[in-house]
Amino acid sequence: MRPANDRPRPTSRRPHGDSTQALPAAERHGAENNSQPVTVNIDSIAPAPGTRRRLGLYGGSFDPVHIGHLLVAQAALEELGLDRIVFIPAAQSPFKPDSAPAPASQRLRWLRMALAGWTNADVDDLETRRAGTSYSIDTVRKFAARHPGTELFWLIGTDHVPTLPQWRDANELARLVTFVVIPRPGCTRAELPAPYRLRTLRGWPLAVSSSELRGRIAAGQTIAHLVPPGIAEAIAGDRAYPRPD
1 MRPANDRPRP TSRRPHGDST QALPAAERHG AENNSQPVTV NIDSIAPAPG
51 TRRRLGLYGG SFDPVHIGHL LVAQAALEEL GLDRIVFIPA AQSPFKPDSA
101 PAPASQRLRW LRMALAGWTN ADVDDLETRR AGTSYSIDTV RKFAARHPGT
151 ELFWLIGTDH VPTLPQWRDA NELARLVTFV VIPRPGCTRA ELPAPYRLRT
201 LRGWPLAVSS SELRGRIAAG QTIAHLVPPG IAEAIAGDRA YPRPD
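Here the sequence shown stands for residues 1 to 245, numbered as in the working numbering.
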């Protein structure tokens with residue numbers, strides 16, 4: 001389903017830089033335990049005449065971040081002509097109420113390391129600062145208030161599309177964002193009626209998962225080829241996940 005106001009946009013925004021460059025997180029985002037809100041300066045970007053700024057919102061546990069997450073972000077920036085994309089780690093996913101993720105401070109630091117060198121991607125800690133279960137509508141309301149007039153795009157996996165009508169304040173959420181569907185192997189996208197606006201990324205399906213990485217760590221197997229440079233070493237140093245004795 002293609003939203004009525006969807007129009008061709010240039011895909012060559014500002015260069016991301018080398019997305020595989022692993023610089024110290026502090027060089028871009030300050031000290032690891034900085035409690036100050038991390039906000040996105042999209043309002044400084046002047047949109048093309050007759051258009052609005054476009055902001056992608058990529059929520060998830062990122063437990064841990066892996067190369068698939070970065071490939072999805074790259075595809076969204078290019079295919080949707082986004083001015084910026086924001087990674088928003090959840091304090092506690094409503095889809096995983098019985099699972100405890102790695103500490104938020106670690107997941108935030110790994111994300112910032114993974115995105116070092118990207119000039120149009122950020123990490124926002126509003127959900128981890130809010131704590132408790134992270135609901136999409138609460139986050140989207142915050143971004144809509146921060147950036148009035150900006151088009152918001154919310155990234156979700158194909159497997160979550162059929163559940164959208166059951167999300168908290170689903171109709172309001174559908175009015176505020178266009179849902180960008182991330183293809184997953186073996187999943188076919190469901191169709192939803194208005195007011196839901198759906199776009200599917202044309203890129204390859206996401207064939208790696210954070211749960212797979214945690215399983216490999218528990219089995220004593222390497223994850224170096226599945227994560228951005230420096231992340232495997234950071235995860236090992238943080239001892240965030242169970243490992244074989």
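Built from N, CA and C at the ideal position, the CB exists for glycine as well.
Counting along the chain, Phe62 sits inside no beta strand (DSSP E), nor does DSSP assign it H or E at all. Following the DSSP letters along the chain, one finds Glu151 inside the beta strand (DSSP E) bounded by residues 151-157. Within the model, the alpha-carbon separation for Arg189 versus Phe179 is close to 12 Å.
Close CB contacts of Gly68 within its chain, under the 6 Å cut and outside five residues either way in sequence, are with Leu206, Val208 (chain order). Around the beta carbon of Asn120, 16 or more other beta carbons lie within 10 angstroms, which makes this residue buried.
Taking a cut-off of 8 Å on C-beta distances, the stretch 108-127 touches the stretch 70-84, as three or more cross pairs fall below it. Around the beta carbon of Gly59, 16 or more other beta carbons lie within 10 angstroms, which makes this residue buried.
Rounded to the nearest whole angstrom, the C-alpha separation of Pro195 and Ala236 is 45 Å. The beta-carbon separation of Ile231 and Ala114, rounded to 6 Å, stays under the 8 Å limit for a contact. Where Val180 is concerned, the enclosing beta strand (DSSP E) starts and stops at 177-182. Residues Gly59, Gly60, Ser61, Glu127, Ser134 of the same chain have their beta carbon placed closer than 7 Å to that of Ala90, with the five preceding and five following residues left out of the count. The beta-bridge partner set that DSSP reports for Pro89 consists of Gly60. By the Cβ neighbour-count rule, Arg197 is buried, with 16 or more other Cβ atoms within 10 Å of its own. In the three-state scheme derived from DSSP, where H, G and I count as helix and E and B as strand, Thr200 is classed as strand. For Val140, no beta strand (DSSP E) segment is defined; the enclosing uninterrupted segment is the alpha helix (DSSP H) at 136-146. The beta carbon of Arg168 sits closer than 7 Å to the beta carbons of Tyr135, Ile137 from its chain, once the five residues preceding and following it are set aside; these are given in chain order.
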